[in-house]
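Since the structure comes first, as structure tokens, the remarks are kept for the end.
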Amino acid sequence: MELVFSKWVCAFLLCCWLIFSGAYSVDGLRGDSKVRGVNLGGWLVVEGWIKPSLFDGIPNGDMLDGTEVQFKSVTLQKYVCAENGGGMNVTVSRDIASSWETFKLWRVTESKFQFRTSKGQFLTCDGEGCSVSATVESPSTSETFFMERNNSRVHFKLKSGAYLQATIGNQLTGDYPGIPGWDDNAATFEMMIIANNLHGDYQLANGYGHNEAKEVLKRHRNSFITIEDFQFLYRHGINTVRIPVGWWIAFDPDPPAPFIGGTLEALDNAFSWAQVYNIKCLIDLHAAPGSQNGMEHSASRDGLTGWPTQDYISQTLDVIDFLASRYIVCKHPALLGIELLNEPSAATVPLDTLVSYYKQGYQIVRKYSSTAYVIICQRIGNADPLELYQANIGSRNIVVDLHFYNLFGTFFVNMSTMDNIQFIYKSREAQLQALNSANGPLVFIGEWVNEWNVTSGSQTDYQEFGKAQLEVYDAASFGWAYWTLKNDRKHWDFEWNTRNNYLQLGDSPNKQIFNSLISVRLICTWFYLHYLW
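Positions in the sequence shown are counted from 1; adding 24 to them yields the working numbering.
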């Protein structure tokens, strides 16, 4: 009896060893030699289209930073115009509105705004009786206007209390007599919102104000991604997460205004959760100082790309140094690599500037590690990824990140289901084969999605489209990462796609291991209850 009991004890201990040695091993990518990843988009870098409800509580929420507006005098029936697009006087003289008549909002409070012209100067009016011009490069008090609003009608009030008016001579001056009503008078203008496309970290934080934004983002960061999500990814064979971060993470917990601290703690949590499930982390610098592409996901204030300057590039390199020193020096087992910059714009970021930055960023990472992967993203727009293969940026563990979407641009608009699938097998596959054989950096499809412009696609259509992408992208020498884990738009949502069988990943090594561990845990529990209790 004693011998039998000893055997059961040994079996029980062996089961426990299998559970804990398997579940917490962090050496390499479990069960696969290449990345099978998912992006954690919309978490530490806000993208309003991923979770629009984040912006629901902002007063005057249709007048965020970067919103494009036009103003028309109700008495003259003419548009306010920055002559020559800026740098000159302002008139109320145009019958038809175009770029000179379009202004970008810089929000100061929910009712105070600055107005930027198409050439970058700001409207200014220095006191009562002034004439408005567009001649100031950096806004201050004289460029700040208090806006009173009644639906689409607005008044502009100066700090002195005087109101702007459209004069008979087609000028915009700060001398309206008295307080205007909402009838047809010289101080009343119709406001047209032309575009309200930017919903990023800048718009959220500046829209709510610091205190409210801090609470909104704290709730979001604590709930949008949790350890349960890492368990879900592990069970579905995902061995890597690509985590977008903004440059302000290096200044946590008190980053420059209007950005809100807390992303560094959340990133640390992600690394801890990843370690539990043997998932690797790629840190992706998604938003650089000044914005590398003018989009909301790079935290642009008003859609302009300001990054390619020496000051901003130097700040960005400091951020890379911060991230590398924090996660490499401590030898965090979950770190797989660092992406130096996400989606720089081909139209506004010169190739030589980008290559120089990538070379410096590569050397910074290598200062701390000879093996951590350094990822460089291709420029978006009219750019050939081969331009980075020919740049000789680094010699070891360097990866080029390509983003494959059958969505953007007119090319994909009228494609059928079969057209999209054939494009994957013919064009994408040929491109990957060429890059894989280019004797250069490894290839990473760092963003792709099971969505397209086909409006009537069935579940089977989506399954076939997803199958084609997985078959082709599996050939990428470094691997792939789906965009993104969670999204209000269901076909962009990896979790929804997998749970509802629109994206069929197949049984992965991780899923098989997870199921085996569950079985072992149940057996061990049975042993314990029957022989050791």
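Every residue, glycine too, gets a C-beta built ideally from N, C-alpha and C.
What you are looking at is a predicted structure, and each value in this text was computed from that prediction instead of being measured.
Check	Outcome
From this set, G261, Y392, M216, L466, which residue's C-alpha is nearest I399's C-alpha?	L466
Check for me: the alpha helix (DSSP H) holding D485 runs from which residue to which?	483 to 497
Using the beta-carbon count (16 or more within 10 Å), is Y449 buried or exposed?	exposed
Is the beta carbon of Y226 sitting closer than 7 Å to the one on D86?	no
Beta strand (DSSP E) containing Y301: first to last residue?	Neither: Y301 is in no beta strand (DSSP E) and is coded neither H nor E.
Check whether the region 491 to 510 touches the region 255 to 270, taking contact to mean three or more Cβ pairs, one atom from each stretch, closer than 8 Å.	yes
Anyone know if the C-beta pair for V70 and L228 falls short of 7 Å?	yes
Apart from the five residues just before and just after D278, which ones in its own chain have a Cβ nearer than 7 Å to its Cβ?	G285
Starting from W520, trace the alpha helix (DSSP H) in both directions and tell me its first and last residue.	518 to 523
Quick check on the burial criterion: 16 or more other C-beta atoms within 10 angstroms. Buried or exposed for T148?	buried
Cβ atoms of D208 and V98: under 7 Å apart, would you say?	yes
Determine which residues share a DSSP beta bridge with C105 and list them.	T115
M442 lies in the alpha helix (DSSP H); which residues open and close that run?	441 to 447
Would you kindly work out how many angstroms separate the C-alpha atoms of C154 and R177, rounded to a whole number?	22 Å
Are Y497 and A462 close, meaning C-beta to C-beta below 7 Å?	no
For N220, collect the residues of the same chain with a Cβ closer than 6 Å to its Cβ; drop the 5 residues on either side in sequence, then sort them by chain order.	D86, T91
Under 8 Å, with one C-beta from each stretch per pair, do the region 160 to 174 and the region 102 to 120 reach the 3-pair mark?	no
Go ahead and pull the three-state DSSP assignment for K75.	coil
Based on DSSP bridge pairs, tell me the residues matched to K183.	DSSP output for K183 lists no bridge partner at all.
Locate the alpha helix (DSSP H) running through L529, then write down its first and last residues.	From DSSP, L529 is part of no alpha helix (DSSP H); its letter is neither H nor E.
Buried or exposed: which applies to H244, given that a residue is buried once 16 or more other Cβ atoms fall within 10 Å of its Cβ?	buried
Which residues in the same chain as P282 place their Cβ atom closer than 6 Å to its Cβ, once the five residues preceding and following it in sequence are excluded?	A229, N230
Going along the chain, which unbroken runs of the beta strand (DSSP E) with 3 or more residues stay wholly within the region 256 to 291?	264 to 270
Per DSSP, M171 forms a beta bridge with which residues?	F180
Indicate the three-state DSSP secondary structure (helix, strand or coil) for G198 in the structure shown.	strand
Counting only beta-carbon atoms, is S480 nearer than 7 Å to chain B?	Absent from the structure: chain B. Only one protein chain is present.
What does the Cβ neighbour count give for Q536, buried or exposed, with the cut at 16 atoms within 10 Å?	Interpretation of Q536 is limited by its pLDDT of 46, a score under 50 that renders its predicted location unreliable; the figure taken from the coordinates is listed afterwards. That one is exposed.
For G412, does the three-state DSSP call read helix, strand or coil?	Per the sequence presented here, residue 412 reads as Leu, with Gly not at that position. Residue state, collapsed to three classes: helix.
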